[in-house]
Amino acid sequence: ANIGQNEDFEEARKKALALGAKKVYIEDVRKEFVEEFIWPAVQANAIYEDRYLLGTSLARPCIARKQVEIAKKEGAEYVSHGATGKGNDQIRFELTCYSLHPGIKIIAPWRMPEFYNRFRGRTDLMEYAKKHGIPVPVTPKSPWSMDENLMHISYEAGILENPKNHAPDSLYVKTKDPATAPNTPDILEIEFKNGVPVQVTNSKDGTRHQSSLELFTYLNEIAGKHGVGRIDIVENRYIGMKSRGIYETPAGTILYQAHLDIETFTMDREVRKIKQQLSLRFSEQVYNGFWYSPECEFVRSCITKSQELVQGKVHLSVLKGQVYILGRESPQSLYNEELVSMDKQGDYEPCDASGFIKINAVRYSIFYTISNS
């Protein structure tokens with residue numbers, strides 16, 4: 004699938020046919036990936052274990068859904084994937100397939116003893132590919148796994164399996180080193196409606212994008228130029244082990260910060276507390292491969308409802324690996340400048356705070372009286 008990765012798709016087609024494929028589908032799913040998977044994650048402020056913006060986790064159900072569509076079209080009884088038997092992707096692919104096509108059968112080579120006993124790891128596979136003239140992107144000089152889509156690129160395995168090892172500078176391909184990034188920021192205005200970005204404007208040169216795919220691609224370009232979106236983490240896989248992953252998520256990082264700001268500006272405090280709990284559940288569900296589960300669909304519908312008044316514009320600066328919020332405006336703002344002003348009393352009686360404080364202090368007084376008795 005063309006899900007936004009930097010790949011020669013015609014060469015991929017030729018390679019598949021040369022290896023024995025009878026028919027090759029390379030579907031362009033970029034637009035639906037943005038609108039049906041990335042945008043719900045933006046609305047949710049989805050983030051796994053406080054740092055991972057779920058780039059791969061969001062892409063897998065999008066890819067698998069298209070795979071199921073093709074399988075139904077071709078009358079295929081089987082589908083297959085190349086995910087390892089130790090990772091999360093096997094779960095994400097297969098739960099999607101079983102949800103959308105309950106009768107489908109799945110071939111997972113990395114779980115077949117005759118396969119994994121012959122090929123113990125990537126080195127064995129590289130040697131096999133070399134022997135049989137099969138071109139592969141991984142080499143002994145860059146022995147790590149890469150997975151790219153429009154939202155991010157991930158790196159893991161190989162020399163990165165030792166969590167102490169520093170990633171080489173040559174590893175990163177989506178973002179520039181922040182130390183050598185431009186010294187002048189790009190100032191952006193991002194407009195949201197229903198919690199979804201609908202327009203981005205660069206105040207430096209007047210560049211403006213409104214369509215979902217163009218908007219997201221442009222933010223990738225700007226963020227990548229300034230080195231925004233790099234993380235190096237150890238995370239907890241759903242299957243039960245910890246893994247080290249390095250991620251570049253340029254546009255996603257900008258949108259996470261911008262949406263967080265406009266949401267806080269326009270959403271009631273107590274509603275947002277509930278929404279934050281839903282976001283945590285949603286992030287775990289997406290990471291674990293539960294996109295098409297009834298609970299995930301329910302949580303998504305609740306989050307969508309919460310975004311009805313999340314609209315407005317966020318002004319921000321992108322510079323040297325950082326996103327700086329500069330200001331925001333919204334017709335749905337719950338911010339009352341006169342009420343909060345230190346120079347005006349507004350429609351507020353300061354003496355009312357005395358009773359508010361005393362009521363809140365009741366349980367403290369009881370607790371410490373009992374604790375110290």
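Using the numbering used here, you'd call the opening residue of the sequence shown number 4 and step up by one each time.
Cβ coordinates follow ideal geometry from the N, Cα and C atoms, glycine included.
Check your understanding: What's the gap between the Cα of Gly-90 and the Cα of Arg-240?
Key -> If you number the sequence shown from 1, residue 90 lands on position 87. If you number the sequence shown from 1, residue 240 lands on position 237. One C-alpha to the other measures close to 7 Å.
Practice item. Note down the Cα distance separating Lys-361 from Phe-285, rounded to an integer number of angstroms. Key: Against the sequence shown, residue 361 aligns to sequence position 358. Against the sequence shown, residue 285 aligns to sequence position 282. In this model, Lys-361 and Phe-285 are separated by some 38 Å (Cα to Cα).
Check your understanding: Which residues in the same chain as Ala-132 place their Cβ atom closer than 6 Å to its Cβ, once the five residues preceding and following it in sequence are excluded?
Key -> For the purposes of this step, residue 132 is taken as residue 129 along the sequence shown, with counting starting at 1. The residues Val-139, in chain order, have a CB closer than 6 Å to that of Ala-132 in the same chain once the five nearest residues on each side in sequence are set aside.
Check your understanding: Quick one: what's got a C-beta closer than 6 Å to Pro-181's C-beta in the same chain, skipping five residues either side?
Key -> Translated into positions along the sequence shown, residue 181 becomes position 178. Within the same chain, Pro-181 has close Cβ partners Gly-230, Lys-323, Gly-324.
Practice item. Tell me where the beta strand (DSSP E) around Glu-192 begins and ends. Key: Position 189 of the sequence shown holds residue 192. 189–196 is the extent of the beta strand (DSSP E) around Glu-192.
**Study point:** For Ser-282 and Phe-301, the rounded distance between their alpha carbons
**Key:** Your numbering for residue 301 matches position 298 in the sequence shown. Your numbering for residue 282 matches position 279 in the sequence shown. If I take the Cα positions, the gap works out to 12 Å.
Review point. Leaving out five residues before and five after Arg-303 in sequence, what residues of the same chain have Cβ atoms less than 6 Å from its Cβ?
Key: Numbered from 1 along the sequence shown, position 300 holds the residue referred to as residue 303. The beta carbon of Arg-303 lies closer than 6 Å to those of Pro-43 in the same chain, with the five residues before and after it left out.
Review point. Roughly how many angstroms lie between the CA atoms of Lys-176 and Phe-219, to the nearest whole one?
Key: Along the sequence shown, one-based indexing puts residue 176 at 173. Along the sequence shown, one-based indexing puts residue 219 at 216. The residue you asked about is not Lys; residue 176 is Val in the sequence shown. It is roughly 17 Å from the alpha-carbon of Val-176 to the alpha-carbon of Phe-219.
Check your understanding: So Val-313 and Asn-205 are in contact, right, with Cβ under 8 Å, and what is the actual spacing, rounded?
Key -> Along the sequence shown, read from residue 1 onward, the residue named residue 313 stands at position 310. Along the sequence shown, read from residue 1 onward, the residue named residue 205 stands at position 202. The beta-carbon distance between Val-313 and Asn-205, rounded to whole angstroms, is 23 Å. This is too long to meet the 8 Å contact definition.
Exercise for review: Within its chain, find whatever has a CB closer than 7 Å to the CB of Val-321; leave out the 5 residues flanking it on each side and keep chain order.
Suggested key: Working through the sequence shown from its first residue, we reach residue 321 at position 318. Same-chain partners within the cutoff: Pro-188, Asp-189, Leu-191, Ile-225, Ala-226, His-229, Val-231, Ile-257.
Exercise for review: Hey, could you find the ends of the beta strand (DSSP E) Met-129 is sitting in?
Suggested key: Indexing the sequence shown from 1 puts residue 129 at position 126. Taken as a continuous stretch (DSSP letters only), Met-129 belongs to no beta strand (DSSP E), being part of the alpha helix (DSSP H) at 125–134.
**Study point:** Own chain residues within Cβ distance below 8 Å of Phe-122, not counting five before or after
**Key:** Here residue 122 corresponds to residue number 119 of the sequence shown, with the count starting at 1. Closer than 8 Å at Cβ, skipping near neighbours: Leu-128, Tyr-131.
Exercise for review: Identify the continuous beta strand (DSSP E) that holds Ser-376 and give its terminal residues.
Suggested key: For the purposes of this step, residue 376 is taken as the residue at position 373 of the sequence shown. Here Ser-376 belongs to no beta strand (DSSP E), and DSSP marks it neither H nor E.
Check your understanding: Is Arg-331 near the ligand HEM, in the sense that its beta carbon is under 7 Å from a heavy atom of that ligand?
Key -> What this structure holds is no ligand at all, so the ligand HEM is not there to describe.
**Study point:** Contacting residues, own chain, Cβ-Cβ under 6 Å from Glu-10 (five flanking each side not counted)
**Key:** In the sequence shown, counting from the first residue as 1, residue 10 sits at position 7. Excluding positions up to five away in sequence, the list is empty.
Review point. Would you call the segment 38–52 and the segment 76–95 touching, i.e. three or more CB-CB distances under 8 Å?
Key: No, the segment 38–52 is not in contact with the segment 76–95.
**Study point:** Residues near Ala-67 in its chain [Cβ-Cβ closer than 6 Å; skip 5 each side]
**Key:** What you label residue 67 is simply residue 64 of the sequence shown in a count that begins at 1. Excluding positions up to five away in sequence, the list reads Phe-96, Thr-99, Cys-100.
Point to revise | Which residues DSSP lists as bridging Gln-202, in chain order | key: For the purposes of this step, residue 202 is taken as residue 199 along the sequence shown, with counting starting at 1. In the DSSP secondary-structure assignment, Gln-202 is bridged to Glu-194.
Point to revise | Sub-8 Å separation of Ser-199 and Ala-261 beta-carbons | key: Here residue 199 refers to the residue found at position 196 of the sequence shown. Here residue 261 refers to the residue found at position 258 of the sequence shown. The sequence given here places Val at residue 199; Ser does not occur at that position. No. Outside cutoff.
Review point. Since Phe-12 and Ile-29 are thought to touch, with beta carbons under 8 Å apart, how far apart are those beta carbons, to the nearest angstrom?
Key: Here residue 12 refers to the residue found at position 9 when the sequence shown is read from its first residue. Here residue 29 refers to the residue found at position 26 when the sequence shown is read from its first residue. Indeed they touch by this definition, with Cβ atoms about 5 Å apart.
Exercise for review: Identify the continuous beta strand (DSSP E) that holds Gln-325 and give its terminal residues.
Suggested key: By one-based count along the sequence shown, residue 325 stands at place 322. Gln-325 -> beta strand (DSSP E) spans 325–332.
Check your understanding: Do His-155 and Leu-56 have their CB atoms nearer than 8 Å?
Key -> Within the sequence shown, residue 155 is the residue found at index 152, counting from 1. Within the sequence shown, residue 56 is the residue found at index 53, counting from 1. Yes, they are a contact pair.
Practice item. Taking 8 Å as the cut-off, decide whether the C-beta atoms of Gly-88 and Trp-113 are in contact. Key: On the sequence shown, residue 88 is found 85 positions in, with the first residue counted as 1. On the sequence shown, residue 113 is found 110 positions in, with the first residue counted as 1. For the pair Gly-88 and Trp-113, the CB atoms are nearer than the 8 Å cut-off.
Check your understanding: Ser-246 bridges to which residues according to DSSP?
Key -> Walking along the sequence shown from the start, residue 246 turns up at place 243. BP columns for Ser-246 point to Glu-238.
Point to revise | Proximal residues to Gly-85 (C-beta, below 8 Å), its chain only, five neighbours per side dropped | key: To locate residue 85, count along the sequence shown from 1; it is residue 82. Within the same chain, Cβ atoms closer than 8 Å to the Cβ of Gly-85 are found at Pro-112, Trp-113, the five residues on either side in sequence being excluded.
Point to revise | Counterpart residues of Ile-156 in DSSP-defined beta bridges | key: Against the sequence shown, residue 156 aligns to sequence position 153. Glu-151, Glu-251, per the DSSP bridge assignment.
**Study point:** Span of the alpha helix (DSSP H) around Ser-102
**Key:** The sequence position of residue 102 within the sequence shown is 99, counting from 1. Unbroken alpha helix (DSSP H) run through Ser-102: 92–103.
Practice item. State the DSSP-derived secondary structure class of Ser-309, mapped to helix, strand or coil. Key: The sequence position of residue 309 within the sequence shown is 306, counting from 1. In the structure shown, Ser-309 sits in a helix (DSSP, three-state: H, G or I).
Point to revise | Backbone secondary structure at Lys-282 - three-state DSSP | key: As a position in the sequence shown, residue 282 is number 279, starting the count at 1. Rather than Lys, the amino acid found at residue 282 in this sequence is Ser. Assigned with DSSP and collapsed to three states, Ser-282 falls in helix.
Review point. Quick one: is Gly-7 buried, meaning 16 or more other Cβ sit within 10 Å of its Cβ, or exposed?
Key: As a first step, residue 7 must be located in the sequence shown, where it is residue number 4. Buried is the call here.
Review point. Which value, in whole angstroms, describes the spacing of the CA atoms of Glu-110 and Tyr-338?
Key: Residue 110 sits at position 107 when you count from the first residue of the sequence shown. Residue 338 sits at position 335 when you count from the first residue of the sequence shown. Checking the sequence shown, residue 110 turns out to be Ile, not Glu. Using only the alpha carbons, I get a separation of about 55 Å.
**Study point:** Pick from Asn-223, Phe-359, Phe-195 that is closest to Phe-268, judged by C-alpha positions
**Key:** For the purposes of this step, residue 268 is taken as residue 265 along the sequence shown, with counting starting at 1. Residue Phe-195 is the option with its Cα nearest to Phe-268.
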